[in-house]
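Notes follow once the structure below has been shown.
Protein chains: 2
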Amino acid sequence: MLFGERIRELRESQGLLQRQLAANLEIDTPMFSKIERGGRKAKREQVLKIAEILKASEQELLALWLADQIKEIVTDEDQALQALKIAQKDINQANTK
Amino acid sequence: MLFGERIRELRESQGLLQRQLAANLEIDTPMFSKIERGGRKAKREQVLKIAEILKASEQELLALWLADQIKEIVTDEDQALQALKIAQKDINQANTK
DNA sequence: TTATATTAGCCAAATATTGACAAGTCATAA
DNA sequence: TTATGACTTGTCAATATTTGGCTAATATAA
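Quick mapping for you: the protein sequence lines, in order, are chains Y and L.
For the first sequence, the positions run 17 to 113 when the working numbering is used.
For the second sequence, the positions run 17 to 113 when the working numbering is used.
Given below as structure tokens:
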């Protein structure tokens, strides 16, 4: 899990404990542990709060968090890359319109 | 919705009615209508069955169906394209390993 | 009008997600 | 060894979301 790995890196490099982050997010430590390990998906607002606490880029963390969800959808699908390409194209079209 | 649009095209070009497809899928017509219009998400097995009934490419329809789900996740997100890129990279790495 | 095709809205059943708790592992200190 | 602290795992109930079907509305054609 890209998001979990990244926030763990950030947390550890700052010498923070899971329970400190968890308290800030108003969830318990086991829950935060699961988020870091990818067993649970963070909510969007939690991502923002984590970015704030860890003084990290909101954009970076959101992108990783979204990427995890995309991966979840396409894993084990032969058409994974094809689907990504189609989505990309479609979004680009929507943007330029 | 890419998937819905495509199956509607295929269905109409073959002169089939929603209720015929719906019967085959063992759902009612309103439900099939919603799938075509994107109000409801088809199940994976329904996608396969639709491909079979419409004599269409299973791969094509699965790709469109996945793309719709990806779009759903990233719509309204500034990091949409960035997230797609990250997911793409990650999947490629997993494939080549 | 009537008949047929499609769509919209609503409801209950089924399913998934969420957060909390208790108990577990692992490493280190006393 | 025991004790402690950090983290992880498993399970549970509460909540939220999704699913499918029903009924009714709309549209289109004969």
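Even glycine gets a Cβ: it sits at the ideal position worked out from N, Cα and C.
When the options are compared against residue i, the one with the closest alpha-carbon
{"i": "L/R60", "options": "L/D106, L/Q98, L/A110, L/F19", "result": "L/F19"}
{"i": "Y/D92", "options": "L/E93, L/A79, L/A67", "result": "L/A79"}
{"i": "L/A83", "options": "Y/A110, Y/K105, Y/D84", "result": "Y/K105"}
{"i": "L/D94", "options": "Y/L26, Y/R27, Y/I107", "result": "Y/I107"}
{"i": "L/M17", "options": "L/A110, L/E88, L/T112", "result": "L/E88"}
Assumed close pair residue i, residue j - CB separation to whole angstroms, cut-off 8 Å
{"i": "L/Q34", "j": "L/F48", "result": "5 Å"}
{"i": "Y/Q62", "j": "Y/L41", "result": "6 Å"}
9 Å Cβ cutoff met for residue i and residue j
{"i": "Y/L64", "j": "Y/I86", "result": "no"}
{"i": "L/L77", "j": "L/R24", "result": "no"}
{"i": "L/I66", "j": "L/L37", "result": "yes"}
{"i": "L/E52", "j": "L/R27", "result": "yes"}
{"i": "L/A103", "j": "Y/V90", "result": "yes"}
Residue i: CB within 8 Å of a non-hydrogen atom of the ligand MG
{"i": "Y/L64", "result": "Only the bare structure without any ligand can be found here, which leaves the ligand MG out of the picture."}
When you compare the region 54 to 73 of chain L with the region 62 to 74 of chain Y, are there three or more beta-carbon pairs, one atom per stretch, that lie closer than 8 Å? no
Taking beta-carbon pairs under 8 Å, can you tell me which members of the region 49 to 64 of chain L lie near chain Y? none
Residues of the region 61 to 85 of chain L with Cβ closer than 7 Å to any Cβ of chain Y, in chain order: Q75, L78, A79, L80, L82, A83, Q85
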